[in-house]
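K.L.:
Just dropping this structure here.
2 protein chains.
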Amino acid sequence: MEVIQSLQNSKVKEWVRLHNKKDRDQKKQFLIEGEHLLEEALRAGCVETIITDEDCPETGVPVIRVTEGIMKKISGNVSAVHVIGVCRMREPELRNNSRLLILDGLQDPGNVGTLIRTAVSFGFDGVYLSPDSCDLYNEKTIRSTQGALFYIPVIRTGLSDLVTRLQKEGVTVIASALDASVNMEDIAPCEKMAFVVGHEGRGVSKEIQRKADQRLRIEMDGFESLNAAVAGGIMMYRYRKSSK
Amino acid sequence: MEVIQSLQNSKVKEWVRLHNKKDRDQKKQFLIEGEHLLEEALRAGCVETIITDEDCPETGVPVIRVTEGIMKKISGNVSAVHVIGVCRMREPELRNNSRLLILDGLQDPGNVGTLIRTAVSFGFDGVYLSPDSCDLYNEKTIRSTQGALFYIPVIRTGLSDLVTRLQKEGVTVIASALDASVNMEDIAPCEKMAFVVGHEGRGVSKEIQRKADQRLRIEMDGFESLNAAVAGGIMMYRYRKSSK
Chain A
42 MEVIQSLQNS KVKEWVRLHN KKDRDQKKQF LIEGEHLLEE ALRAGCVETI ITDEDCPETG
102 VPVIRVTEGI MKKISGNVSA VHVIGVCRMR EPELRNNSRL LILDGLQDPG NVGTLIRTAV
162 SFGFDGVYLS PDSCDLYNEK TIRSTQGALF YIPVIRTGLS DLVTRLQKEG VTVIASALDA
222 SVNMEDIAPC EKMAFVVGHE GRGVSKEIQR KADQRLRIEM DGFESLNAAV AGGIMMYRYR
282 KSSK
Chain B
42 MEVIQSLQNS KVKEWVRLHN KKDRDQKKQF LIEGEHLLEE ALRAGCVETI ITDEDCPETG
102 VPVIRVTEGI MKKISGNVSA VHVIGVCRMR EPELRNNSRL LILDGLQDPG NVGTLIRTAV
162 SFGFDGVYLS PDSCDLYNEK TIRSTQGALF YIPVIRTGLS DLVTRLQKEG VTVIASALDA
222 SVNMEDIAPC EKMAFVVGHE GRGVSKEIQR KADQRLRIEM DGFESLNAAV AGGIMMYRYR
282 KSSK
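Which chain is which? The protein sequence lines are A and B, in order.
For what it's worth, the working numbering labels the leading residue of the first sequence as 42, then goes sequentially.
For what it's worth, the working numbering labels the leading residue of the second sequence as 42, then goes sequentially.
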C-alpha cells in the first residue's frame, strides 16, 4: 500500500485542486467523502483511488494511506473525514425519456443535490442542468444527493435547444410558475414529461416559460413561496414514474 | 439618531451574543438580517431596533447607525449585510388545530426553516418543534423560512404529551415512515390532522410512531430516500388546508 506523509506531496496538491471546478473539468475527476458515498461510488464502479487515514477493507481499488493532517487538507468538510474517494467522471447516458427534470439556473448546491436525490426516488430517467446552474461535482451538491448522482444521468446543456429537441421527441415540457393559470391537479400524467424548476429568486427564465407546453401552478393557501427543492419534489411525486 | 462607532461598545457586544441560543432565550431577543426579513418583521411588529450602516427609511422603529466594521461583527452572514433588526420573541398563540406540523428531532436549520415556510404556504395553523430539534432563532433557520416564521406560531414542546393532547382534541396524528404499509394516496384528508416529520437519519422516533394514529408511506419508485423537507412538503401539499 502506498503511504504519503508529506503535505507537500504532488498528489496531495492535485487532490486539493479538485475542489475547483476548472481542475475537476480538466482532469475529469472529483472527490467524494465519507463511507456512505464511497460505498455508492464503488457500486457504480467509478472510484479510481481510495485515500484514508485508517484501516480500510479490501475493495479491489488502490488505497493510499495518508496522515490525519493530509485528510484535513484534502477534505472540504469541517468535521473529520476518514475516507475520500477520487472518482472519474463518466459520460452520462440517457436510456429513456419518459420522466425528466430540468434545472434552470439553480444556484444552491443543496437544492441541486436534493432535487437529484428526489428524481431518483421517483423513478426519473435523467436530470438536465443549465450552464448557469451550480456544479454537480461541488462537494455540497454531492453530499446533498446522498449518492443518488451515481444512479441517474445528469447532463449539463443549454436549455433552449434541449426543449426544442425534447418536444420533437414527443416529450411534454412543463414549467412551474407562481403566476401560471393552470393548477397542477388539472394536468394529468402522460407518457413523456419533462419538468422545469427555476432559479431560487427569479424562477424559470422567460424564454423557457414561453417555449414550454404548459405552465403549471402548485396550488397554495397563502404566502405563495416554496423552496425550489420542495416545489420540484411536489411535482416529481405527482408525476412519478408509477403515476403513468 | 444614535450612532455607534466603537467595536467595544456594550450594545455591540450584546448583539453579537444573540448568536448564542442561551443568550437569545435569556434576553427573549433574536436578530434578523437583510431587507426582506426586516420588512416581514416590521409588518409583524416585532422589531425593537434597526441597526444599519446606510441611510434607511423612517419606519417608527429606533435606528442605530453603525460602521461597516460593526455590521460585519454583528452579522452571521459571509456576504455584506446593511441592515439588521433586533427582534423580540413572542409567545406563540395557536388559534386553530386543523392542520399542524410536528418536527421530531430535526437537526438541519435549513430543513426546519424550509418546512416552516412550506407550512405557511399550505395554510397550516402551527408548527411544533421537539426539544432536540434545532433552534428556531438560529440565523440559518430564520433565513430558510424567508420570513414565514412571522406568519405562523412555532412552539417548542415535548412530543409525547403533545400527541396525547392532540388526539384528545380529535386531531388525527400521522407519522411518515419509509417502512409504513399504508400509502399516502390511501389516506384521505380529514378535518383535523397533524403530520410528524422525523430526524434526517433516524426518521420519526419509535415512541411517536407507536402513538400516531397512522403511519404513512410516501410512494416511491426506487432509491427509497427523501430529504426531510421534501417529504414534509409532499405531505403538506397533499393535505393542504384547501384539500379538506
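Where is the CB? At the ideal position from N, CA and C, for every residue including glycine.
All figures in this text were calculated on a predicted structure; none of them were measured in a lab.
(1) Going by DSSP in three states, residue 73(B) sits in which element: helix, strand or coil?
(2) Just by C-beta distance, which residues in the region 235-253 of chain A are closer than 7 Å to chain B?
(3) How should residue 244(B) be labelled, buried or exposed, when 16 other C-beta atoms within 10 angstroms of its C-beta is the threshold for buried?
(4) Among 52(B), 198(B), 180(B) and 234(B), which has the Cα closest to the Cα of residue 132(B)?
(5) Using DSSP bridges, identify the partner residues of residue 216(B).
(6) If you count every other CB in all the chains shown that lies within 10 Å of the CB of residue 246(B), and 16 or more means buried, which is it?
(7) Bridge partners for residue 142(B) per DSSP, in chain order?
(8) For the alpha helix (DSSP H) containing residue 183(B), name the first residue and the last one.
(9) Give me the residue from 86(A), 91(A) and 63(A) with the minimum Cα distance to residue 76(A).
(10) Hey, is residue 184(B)'s beta-carbon within less than 9 Å of any beta-carbon in chain A?
(11) Return the chain-ordered list of same chain residues with a C-beta closer than 8 Å to the C-beta of residue 212(B), the five sequence neighbours on each side being excluded.
(12) How long is the line joining the alpha carbons of residue 123(B) and residue 79(B), rounded to whole angstroms?
(13) Quick one: which unbroken beta strand (DSSP E) runs of 3-plus residues sit fully inside the region 96-126 of chain A? Chain order, please.
(14) Across the region 111-118 of chain A and the region 202-210 of chain A, are there enough close Cβ pairs to call them in contact, namely three or more that are closer than 8 Å?
(15) Consult DSSP for residue 157(B) and reduce its assignment to one of helix, strand or coil.
(16) For the beta strand (DSSP E) that residue 195(B) lies in, which residues bound it at each end?
(17) Excluding the 5 residues flanking residue 190(A) on each side, which residues of the same chain have their C-beta closer than 7 Å to its C-beta?
(18) Name the two residues that bound the continuous beta strand (DSSP E) containing residue 271(B).
(19) Touch check for the region 147-167 of chain A and the region 260-267 of chain B: three-plus C-beta pairs under 8 Å?
(20) From residue 58(A) to residue 151(A), what does the alpha carbon distance come to, in whole angstroms?
(21) Given that a residue counts as buried once 16 or more other Cβ atoms are within 10 Å of its Cβ, and exposed if not, what is residue 65(A)?
(22) Quick one: using the 10 Å Cβ neighbour count with 16 as the cut-off for buried, is residue 84(A) buried or exposed?
(23) If you drop the 5 nearest sequence neighbours on each side, which residues of the same chain put their C-beta closer than 6 Å to that of residue 62(A)?
(24) Is there a Cβ from chain A that is less than 9 Å from the Cβ of residue 178(B)?
(25) Along the beta strand (DSSP E) that carries residue 89(A), what are the first and last residues, could you check?
(26) Exposed or buried, residue 149(A), counting other C-beta atoms within 10 Å across all chains shown (16 or more means buried)?
(27) Locate the alpha helix (DSSP H) running through residue 245(A), then write down its first and last residues.
(28) Please tell me whether residue 202(A) has its Cβ less than 9 Å away from any Cβ of chain B.
(29) Name the chain A residues whose beta carbon is nearer than 9 Å to that of residue 270(B)?
(30) Check for me: the alpha helix (DSSP H) holding residue 55(A) runs from which residue to which?
(31) Got a sec: is the Cβ-Cβ distance from residue 296(A) to anything in chain B below 9 Å?
(32) Taking just the CA atoms, how far does residue 225(A) sit from residue 281(B)?
(33) Just to check my reading of the structure: residue 216(A) and residue 187(A) have Cβ atoms closer than 8 Å, yes? What is that Cβ distance to the nearest angstrom?
(34) Tell me which residues share the same chain as residue 252(A) and place their Cβ nearer than 6 Å to its Cβ, disregarding the 5 neighbours each side in the sequence.
(35) Run through chain A and tell me which residues come within less than 8 Å of residue 162(B), C-beta to C-beta.
(36) Roughly how many whole angstroms lie between the Cα atoms of residue 119(B) and residue 74(B)?
P.N.:
Taking the definition as stated:
(1) Counted from its first residue, the second sequence places residue 73(B) at position 32. Strand, per DSSP.
(2) none
(3) Position 203 of the second sequence, counting from 1, holds the residue named residue 244(B). Residue 244(B) should be labelled buried.
(4) Here residue 132(B) is taken as the residue at index 91 of the second sequence, counted from 1. Closest by alpha carbon: 198(B).
(5) In the second sequence, residue 216(B) corresponds to position 175, counting from 1. 237(B) and 256(B).
(6) Residue 246(B) sits at position 205 when you count from the first residue of the second sequence. Label assigned to residue 246(B): buried.
(7) Counting from one through the second sequence, the residue named residue 142(B) turns up at place 101. DSSP lists 168(B) and 236(B) as partners of residue 142(B).
(8) Along the second sequence, read from residue 1 onward, the residue named residue 183(B) stands at position 142. Per DSSP, residue 183(B) belongs to the alpha helix (DSSP H) from 180-186.
(9) Numbered from 1 along the first sequence, position 35 holds the residue referred to as residue 76(A). It is 91(A) whose Cα lies nearest to the Cα of residue 76(A).
(10) Sequence index remark: in the second sequence, residue 184(B) carries index 143 (1-based). No, its Cβ sits nowhere closer than 9 Å to a Cβ of chain A.
(11) Counting from one through the second sequence, the residue named residue 212(B) turns up at place 171. The residues are 138, 141, 233, 234 and 235.
(12) Counting from one through the second sequence, the residue named residue 123(B) turns up at place 82. Counting from one through the second sequence, the residue named residue 79(B) turns up at place 38. Looking at the two C-alpha atoms, the distance is approximately 11 Å.
(13) You should have 104-107.
(14) no
(15) Stepping through the second sequence from its first residue, residue 157(B) is reached at position 116. Here residue 157(B) sits in helix by DSSP.
(16) Sequence index remark: in the second sequence, residue 195(B) carries index 154 (1-based). Residue 195(B) -> beta strand (DSSP E) spans 195-197.
(17) Here residue 190(A) corresponds to residue number 149 of the first sequence, with the count starting at 1. Closer than 7 Å at Cβ, skipping near neighbours: 157, 177 and 183.
(18) Locating residue 271(B) in the second sequence gives position 230, where the first residue counts as 1. That residue, residue 271(B), is in no beta strand (DSSP E); its alpha helix (DSSP H) goes 269-279.
(19) yes
(20) Against the first sequence, residue 58(A) aligns to sequence position 17. Against the first sequence, residue 151(A) aligns to sequence position 110. Rounded to whole angstroms, residue 58(A) to residue 151(A) spans 22 Å at the Cα level.
(21) Start at 1 with the first residue of the first sequence, and residue 65(A) comes out as number 24. When all chains shown are included, residue 65(A) counts as buried.
(22) Against the first sequence, residue 84(A) aligns to sequence position 43. Per the 10 Å Cβ criterion, exposed.
(23) As a position in the first sequence, residue 62(A) is number 21, starting the count at 1. For residue 62(A), where only same-chain residues beyond five positions count, the Cβ hits under 6 Å are 176.
(24) Position 137 of the second sequence, counted from the start, is the residue given in the question as residue 178(B). No, its Cβ sits nowhere closer than 9 Å to a Cβ of chain A.
(25) Against the first sequence, residue 89(A) aligns to sequence position 48. From DSSP, the beta strand (DSSP E) with residue 89(A) extends over 88-93.
(26) As a working note, residue 149(A) is residue 108 in the first sequence. Result: buried.
(27) Translated into positions along the first sequence, residue 245(A) becomes position 204. Run containing residue 245(A): none; DSSP gives neither H nor E here.
(28) Along the first sequence, one-based indexing puts residue 202(A) at 161. It does not; no Cβ of chain B falls within 9 Å.
(29) Taking the second sequence and counting its residues from 1, one reaches residue 270(B) at position 229. The contacting residues are 155, 268, 270, 271 and 274.
(30) As a position in the first sequence, residue 55(A) is number 14, starting the count at 1. Looking at the DSSP string, the run of the alpha helix (DSSP H) that includes residue 55(A) is 51-58.
(31) With chain A running from 42 to 285 in the structure shown, residue 296(A) is simply not present.
(32) Here residue 281(B) is taken as the residue at index 240 of the second sequence, counted from 1. Here residue 225(A) is taken as the residue at index 184 of the first sequence, counted from 1. Between residue 281(B) and residue 225(A), the C-alpha separation is close to 14 Å.
(33) Here residue 216(A) refers to the residue found at position 175 when the first sequence is read from its first residue. Here residue 187(A) refers to the residue found at position 146 when the first sequence is read from its first residue. Not quite, the Cβ-Cβ distance comes to about 27 Å (not below 8 Å), so this is no contact.
(34) In the first sequence, residue 252(A) corresponds to position 211, counting from 1. Within the same chain, residue 252(A) has close Cβ partners 204.
(35) Mapped onto the second sequence, residue 162(B) falls at position 121. Within 8 Å Cβ-Cβ: 261, 262, 263, 264, 265, 266 and 267.
(36) Taking the first residue of the second sequence as position 1, residue 119(B) is located at position 78. Taking the first residue of the second sequence as position 1, residue 74(B) is located at position 33. Straight-line Cα distance between these residues: approximately 12 Å.
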